[in-house]
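Trainee: Once you've had a glance at the structure underneath, I'll fire off some questions.
Have a look at this one:
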């Protein structure tokens with residue numbers, strides 16, 4: 001049994017998901033349909049990642065309290081080297097004359 005209270009997850013992670021839009025008992029026009037669909041998509045796009053973050057937070061908290069090694073934080077993505085921009089228009093005859101002439 002733990003002698004100290006468990007840490008609590010951030011409140012943002014424990015908020016319930018916004019429910020689906022309530023549809024009226026009548027036909028919807030195109031604008032209403034698009035608006036309600038957009039509302040549902042936004043709510044669902046927020047809910048999944050938030051609950052996934054909550055599960056990860058709880059696993060890390062419990063692993064830390066149990067004395068287990070915590071997972072490594074994700075590595076920073078490595079930025080690729082910048083590539084020189086291609087010329088706007090290639091001269092189709094440049095390969096015939098051994099040059100890389102371009103028109104801009």
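Residue numbers (our numbering): 1 to 104.
Glycine residues also receive a C-beta, built at the ideal position from the N, C-alpha and C atoms.
Only a predicted model underlies this, so the values are computations on that prediction, with no experimental measurement involved.
(1) Distance, Cα to Cα, residue 20 vs residue 45?
(2) I'd like the ranges of any alpha helix (DSSP H) spanning at least 4 consecutive residues and lying wholly in the stretch 10–81.
(3) Keeping to the same chain, check which residues put their C-beta closer than 8 Å to that of residue 53; ignore five residues upstream and five downstream.
(4) Under a Cβ-count criterion, where at least 16 other Cβ atoms within 10 Å of its own Cβ denotes burial, should residue 104 be classed as buried or exposed?
(5) Can you give the beta carbon distance from residue 58 to residue 9, rounded, assuming they're within the 8 Å contact cut?
(6) Check each candidate in 62, 16, 29 and 94 and name the one with the smallest Cα separation from residue 47.
Mentor: Once the coordinates are examined:
(1) Against the chain shown, residue 20 aligns to sequence position 20. Against the chain shown, residue 45 aligns to sequence position 45. In a straight line, the C-alpha of residue 20 is about 12 Å away from that of residue 45.
(2) Whole alpha helix (DSSP H) segments, 4+ residues: 11–14 and 30–65.
(3) Numbered from 1 along the chain shown, position 53 holds the residue referred to as residue 53. Here the set comprises 13.
(4) For the purposes of this step, residue 104 is identified with residue 104 of the chain shown, where counting begins at 1. Unreliable positioning characterises residue 104 in this predicted model, as indicated by a pLDDT of 47, which lies under 50. The coordinate reading is nonetheless provided below. Exposed: under 16 other Cβ atoms inside 10 Å.
(5) In the chain shown, counting from the first residue as 1, residue 58 sits at position 58. In the chain shown, counting from the first residue as 1, residue 9 sits at position 9. At roughly 7 Å, the Cβ-Cβ gap stays under 8 Å, so residue 58 and residue 9 are in contact.
(6) As a working mapping, residue 47 is identified with position 47 in the chain shown. Here the closest residue by C-alpha is 16.
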